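Per UniProt numbering, the very first residue in the sequence shown carries number 1; after that it's consecutive. C-beta atoms are modelled at their ideal positions from N, C-alpha and C, and glycine is treated no differently. Given the structure is predicted, the values throughout are model-derived calculations rather than measurements.
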Amino acid sequence: MLLLQVSDAVMCRAFPTTLRKAAHAWFKSLQPRSIYSFGQLSDLFQKYFVSSRSRRKNSASLLNIVQEKNESLACFLGRFNAATLEIDNLDESVKYTAFLRGLRPTSKFAFSVNKSPPGNMKALLEKANKYIQAEEYLETHRGRRGEGKEEQKKRSRELTPPQGKKPTKRSKYDERRPKEPFTWKNLTPLNAKPSQILHEIKENKALQWLDKLKSRPNKRNKDLWCHFHNNHDHTTDNCESLKRAIEALIKRGQLRKFVAPKEDRQQTPPVMEERKDREENAGIINTISGGLAAGGSSGRARKAYAREVYITSQHPDKKSKTVPVAAITFSDEDSKDIQTPHEDPLVITVRAGNFDVKRVLIDNGSSAEILFFDAFKKMNIPTDRLRKMDTPLYGFSNHPVAAEGIIALPVAIGTPPAQANFILDFVVVKVPSAYNAILGRPALNQLQAVVSTYHLKMKFPTEHGIGEVKGDQTIARQCYVTSCRPKKAKKLDSEEILI
Numbered sequence: 001m002l003l004l005q006v007s008d009a010v011m012c013r014a015f016p017t018t019l020r021k022a023a024h025a026w027f028k029s030l031q032p033r034s035i036y037s038f039g040q041l042s043d044l045f046q047k048y049f050v051s052s053r054s055r056r057k058n059s060a061s062l063l064n065i066v067q068e069k070n071e072s073l074a075c076f077l078g079r080f081n082a083a084t085l086e087i088d089n090l091d092e093s094v095k096y097t098a099f100l101r102g103l104r105p106t107s108k109f110a111f112s113v114n115k116s117p118p119g120n121m122k123a124l125l126e127k128a129n130k131y132i133q134a135e136e137y138l139e140t141h142r143g144r145r146g147e148g149k150e151e152q153k154k155r156s157r158e159l160t161p162p163q164g165k166k167p168t169k170r171s172k173y174d175e176r177r178p179k180e181p182f183t184w185k186n187l188t189p190l191n192a193k194p195s196q197i198l199h200e201i202k203e204n205k206a207l208q209w210l211d212k213l214k215s216r217p218n219k220r221n222k223d224l225w226c227h228f229h230n231n232h233d234h235t236t237d238n239c240e241s242l243k244r245a246i247e248a249l250i251k252r253g254q255l256r257k258f259v260a261p262k263e264d265r266q267q268t269p270p271v272m273e274e275r276k277d278r279e280e281n282a283g284i285i286n287t288i289s290g291g292l293a294a295g296g297s298s299g300r301a302r303k304a305y306a307r308e309v310y311i312t313s314q315h316p317d318k319k320s321k322t323v324p325v326a327a328i329t330f331s332d333e334d335s336k337d338i339q340t341p342h343e344d345p346l347v348i349t350v351r352a353g354n355f356d357v358k359r360v361l362i363d364n365g366s367s368a369e370i371l372f373f374d375a376f377k378k379m380n381i382p383t384d385r386l387r388k389m390d391t392p393l394y395g396f397s398n399h400p401v402a403a404e405g406i407i408a409l410p411v412a413i414g415t416p417p418a419q420a421n422f423i424l425d426f427v428v429v430k431v432p433s434a435y436n437a438i439l440g441r442p443a444l445n446q447l448q449a450v451v452s453t454y455h456l457k458m459k460f461p462t463e464h465g466i467g468e469v470k471g472d473q474t475i476a477r478q479c480y481v482t483s484c485r486p487k488k489a490k491k492l493d494s495e496e497i498l499i
């Protein structure tokens, strides 16, 4: 309905004719003679139904769209394109990266685009359309030849136990207790611990719970507890029955999100106490070495710092005592509002100087606090306040990086009153990064902080109890998307740097 050059009275009378259901019921609930203009009516309507507005999503939401096990490329592409329409100003490089990341790793199309990358989204869509046409062609001819029925028969033979002798009392345990010896090679590699998977799938009706152990009660280890058997004897992560139950669900097409990608799979268990690590360590990857930690920036100071541990081990200081603090623990309540499972880093916001600095990465692999030059400039700090640093940092691209200098800044972490306030020395470096700063071991040790990347939270003792700071999962994934962009596109908007 389009009305031009009409009075407010006409607009108010015409307005209810456009309403239905809840909106019409709201209009009827208005008190008589309570509306004096159409502007007042429209304001009341917008305020009442503000929650009904559709909210635009950001580019990080594309990372949650993945191709399911039996989903065709056409269906996945349709879902992906529908999601992109809900995002404003979507960068083509982000769209390209998110689409590749969402493809099923075992699909032929994923193999093809990784072998010969199209380079841009337009070429990728053209290649996808060709594969979709090929899939539809094969599906049509497969139905004519009855290949679908053959596959169904093959699957039924795999799931149906062999016929023969009558089942004995032990036959119902055959699936859980196979005749072949238990080995790690028989299991599908996982990206999470069995205890974590059990916590996620405990409501799954297909999971067969075991509450009885065959071992004698007097011979069980009372120090170990299994949540799957609900009894003592071993830990949940070492429970072979739980691993077989998880494997059975995977064979049925479930728990796909817990299956490790091919490139991350290992044929050996993650923990083998009986095997000694005979391979020589070739170094540490993705850490930052250098800075003011471990004695200082000079070689002599670092050597003296290294000798302290030998002196302390031979002649411990009995007088040194730490102030007792309350135990720091994490529970399921700490992971509330966190999307799991995830592989996101802990990215927080801290108060540095007079700025609230977002995109601060918590990295206990870094021996220095890092402030990237772009963020340093936006803090309007004069460069003459930088102190000279003679030695470089190591860890960026495996090459030494010269520092612009060192700056001391007051830092506040947490929410008052349980807030930590201290001075930190940041090493300023001019290196492209999706983050504004990095807090490394010196800051974490000074805080006495305990970090849980699973809960995306850091806790630390203060005079007013245990303080905590929660990571921003959305910003962490945005940093990931930014890191995947080409180098020319890694420049962030100023409003995204500091608030």
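- For N421, the enclosing beta strand (DSSP E) stretches over residues A418 to V429.
- Between E404 and V429 a beta carbon distance of about 6 Å is seen, short of the 8 Å cut, so the two are scored as contacting.
- For F355, the closest of V50, S215, S107 and I381 by C-alpha to C-alpha distance is I381.
- Rounded to the nearest whole angstrom, the C-alpha separation of F258 and N191 is 5 Å.
- In this structure, V481 lies away from L125, with their beta-carbon atoms at least 9 Å apart.
- Take the alpha-carbon of A23 and the one of K336: they are about 34 Å apart.
- One alpha carbon belongs to S51, the other to G39, and they sit about 20 Å apart.
- Judged by beta-carbon spacing, D425 lies within the 9 Å limit of I406, meaning their Cβ atoms are closer than that value.
- Per DSSP, reduced to three states, the secondary structure at S366 is strand.
- DSSP places E136 in the helix class (H, G or I) of the three-state scheme.
- For F376, same chain residues with a beta-carbon under 6 Å away, outside a window of 5 residues either side, are V428 in chain order.
- In this structure K457 does not touch F373 by the C-beta definition: roughly 29 Å separates them, more than the 8 Å allowed.
- Approximately 17 Å separates the beta-carbon atoms of T349 and A60; this is outside 8 Å, ruling out the contact.
- In the three-state DSSP reduction, I246 falls in the helix class (H, G or I).
- S452: member of the beta strand (DSSP E) spanning V450 to S452, first to last residue.
- In the three-state reduction of the DSSP assignment, I197 falls in the helix class, which pools H, G and I.
- The alpha-carbon separation between A476 and V357 amounts to approximately 14 Å.
- Straight-line spacing of the CA atoms in Q446 and I423 works out to 10 Å.
- Secondary structure of H342 (DSSP, three-state): coil.
- Note on geometry: alpha-carbon atoms of E343 and D332 lie some 17 Å from one another.
- Cβ-Cβ distances below 7 Å link M121 to E92, K95 and Y96 in the same chain, with the five nearest sequence neighbours on each side left out; the list follows chain order.
- If only complete runs of 4 or more residues are kept, the region 30-69 shows the alpha helix (DSSP H) at 38-48, in order along the chain.
- Looking at the DSSP output, V10 bridges to nothing.
- Approximately 5 Å separates the beta-carbon atoms of I328 and K459; this is inside 8 Å, confirming the contact.
- Of the candidates L409, N204 and T391, the residue whose Cα lies closest to the Cα of M379 is L409.
- Contact check for I466 against A326 passes: the beta carbons are separated by less than 9 Å.
- Rounded to the nearest whole angstrom, the CA to CA distance from E71 to Y435 is 36 Å.
- For V325, the secondary structure class from DSSP, reduced to helix, strand or coil, is coil.
- Annotated as proximal: F109 and L73, with beta-carbon spacing under 9 Å.
- The distance from the Cβ of A352 to that of V411 is about 5 Å, consistent with a contact at the 8 Å cut-off.
- Rounded to whole angstroms, E139 and I132 show a C-alpha spacing of 10 Å.
- DSSP places T18 within a helical segment (H, G or I) once states are collapsed to three.
- For L255, no alpha helix (DSSP H) run applies, since DSSP gives it neither H nor E.
- In the DSSP assignment, F330 falls outside any beta strand (DSSP E), carrying neither H nor E.
- Here DSSP, grouped into helix, strand and coil, assigns I381 to coil.
- In the same chain as L386, and ignoring 5 residues on each side of it, the C-beta atoms closer than 7 Å to its own belong to E404, G405, I406, I407 and V428, in chain order.
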